[in-house]
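Q: The structure that follows is given in the form of structure tokens.
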Amino acid sequence: MKAIAYGELSKPEHLGLIRTSISDAKDLLPRFTGVTLEELAVEIAMVRLALKIAPHIRGHVHVQTNPYHSYSTESTIVNALRIVQLFQHLQPGFEQSRICIKIPSTWEGMMACRALEMAGVRTLATTLFTMSQAILAAEVGCTYIAPYVNQLKVHFEPGFTDPNKLLPLCVSIQKHYKSINAKTKVLPASLTSTDEIYALAGVDHITIAPYLLQQLSQPSSVPHTESLFDSDVPPAISVAQESFVNDESAYRIAFTRDLHGASEEKLTQASLDEG
0 MKAIAYGELS KPEHLGLIRT SISDAKDLLP RFTGVTLEEL AVEIAMVRLA LKIAPHIRGH
60 VHVQTNPYHS YSTESTIVNA LRIVQLFQHL QPGFEQSRIC IKIPSTWEGM MACRALEMAG
120 VRTLATTLFT MSQAILAAEV GCTYIAPYVN QLKVHFEPGF TDPNKLLPLC VSIQKHYKSI
180 NAKTKVLPAS LTSTDEIYAL AGVDHITIAP YLLQQLSQPS SVPHTESLFD SDVPPAISVA
240 QESFVNDESA YRIAFTRDLH GASEEKLTQA SLDEG
């Protein structure tokens, strides 16, 4: 999300929005503790972007907390509540029920999601790479999860291709959620082709980059890939443990062991790239 916001804010047409956000940050900084002028200005700019698109879409708008706080539950909660306050300051009366805060899916981040959801703030567990993360996200009551189909660095390192795309994981998670009647919805992200999109036809929600939407809108765009949701053979991804919310040690062991440590490396890299 931070990377998406950076790309959008880098466009010349948003120069005025950036200047206004910096001015607002200078005025609002005395109201908040533990945040720099620069961080506050970025948050205000992201909220302004969300408010610009809100009239054109249904449902939630999403803004992400600072990945720097990924391993602090308290700091993440403070950051999330500040973002909600900024929405109300910039557009009084904006429905809080439409605000969804994206939070990196570390243990600490998920505990923040738990507290926020209990307080009525909708959350999305982002940078998710494993079934253990998905199980915990449902247990803490996240509104959405965002499994990353490709490592985030596919968007930053020319020529890099993820050798372990997580398309089957998205299917396994959604089927698991349906089996336990979880409220959490699956919203895959970090897709790089229309074939990947077609492979996930049937998923609850999906994040599609503008250039891929443009490709999908072409008359010549027809599915060349069968949806994994139509397959009679379920993806071979096991659920090693049904619950983690009361067993932090078991969660950390399961997450660290996933793909022999590769998933933990992906989460760390994603936090660095997003930051």
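In terms of numbering that gives the first Met the number 0, the sequence shown opens at residue 0 and continues consecutively.
Glycine included, each C-beta is placed from N, C-alpha and C at the ideal position.
Remember, predicted model here, so these are calculated numbers, not experimental data.
Exposed or buried, what is Thr32 when buried is set at 16 or more other beta-carbons lying within 10 Å of its beta-carbon?
A: exposed
Q: Going along the chain, which unbroken runs of the beta strand (DSSP E) with 3 or more residues stay wholly within the segment 136-209?
A: 143-146
Q: Please state whether the Cβ-Cβ distance between Leu211 and Leu190 is less than 8 Å.
A: By the CB criterion at 8 Å, Leu211 and Leu190 fall inside the cutoff.
Q: In terms of alpha-carbon separation, which member of Val221, Ser71, Glu263 and Val170 lies closest to Phe228?
A: Ranking Val221, Ser71, Glu263 and Val170 by Cα distance to Phe228 puts Val170 first.
Q: Just tell me which of Cys99, Glu225 and Leu28 has its CA closest to the CA of Ala145.
A: When each option's Cα is compared against that of Ala145, the closest is Cys99.
Q: Since Lys265 sits in a beta bridge, which residues does DSSP pair it with?
A: Answer is none; Lys265 lacks a bridge partner.
Q: Given 8 Å as the limit, is there contact between the segment 66-85 and the segment 108-115, that is, 3 or more CB pairs closer than that?
A: yes
Q: Count the CB pairs spanning the segment 146-162 and the segment 118-138 that are closer than 8 Å, and state whether there are at least three.
A: Judged by Cβ distances under 8 Å, the segment 146-162 makes contact with the segment 118-138, as three or more pairs qualify.
Q: Tell me the residue span of the beta strand (DSSP E) that contains Thr126.
A: Looking at the DSSP string, the run of the beta strand (DSSP E) that includes Thr126 is Arg121 to Leu127.
Q: What are the complete alpha helix (DSSP H) segments, minimum 4 residues, inside the segment 67-126?
A: 72-89 and 106-117
Q: I want to know whether the segment 84-99 touches the segment 205-223 - three or more CB-CB distances under 8 Å.
A: no
Q: Bridge partners of His13, per DSSP?
A: The partner list for His13 (beta bridge, DSSP) is empty, contrary to what the question assumes.
Q: Contact check, Gln150 vs Gln268 under 8 Å by CB: the rounded distance?
A: 7 Å
Q: Report the option in Lys51, Pro157 and Leu115 whose CA atom is closest to the CA atom of Arg81.
A: If we check each option's Cα against that of Arg81, Leu115 comes out closest.
Q: At which residues does the alpha helix (DSSP H) containing Val41 begin and terminate?
A: Leu36 to Ile52
Q: Taking the continuous beta strand (DSSP E) assigned at His55, which residues delimit it?
A: Counting along the chain, His55 falls outside any beta strand (DSSP E), and DSSP gives it neither H nor E.
Q: Should Pro103 and Pro162 be called a contact, given that it needs their Cβ atoms to be closer than 8 Å?
A: no
Q: Helix, strand or coil for Gln217, going by three-state DSSP, please let me know.
A: Three-state result, Gln217: coil.
Q: From the DSSP output, in three-state form, read off Gln132 for me.
A: helix
Q: Measuring CA to CA, which of Gln84, Arg57 and Tyr70 is closest to Arg47?
A: Gln84
Q: Following the continuous alpha helix (DSSP H) through Thr64, name the residue where it begins and the one where it ends.
A: Per DSSP, Thr64 belongs to no alpha helix (DSSP H) and is neither H nor E.
Q: In three-state terms, what does DSSP make of Ser20?
A: Of the three classes helix, strand and coil, the one that applies to Ser20 here is helix, per DSSP.
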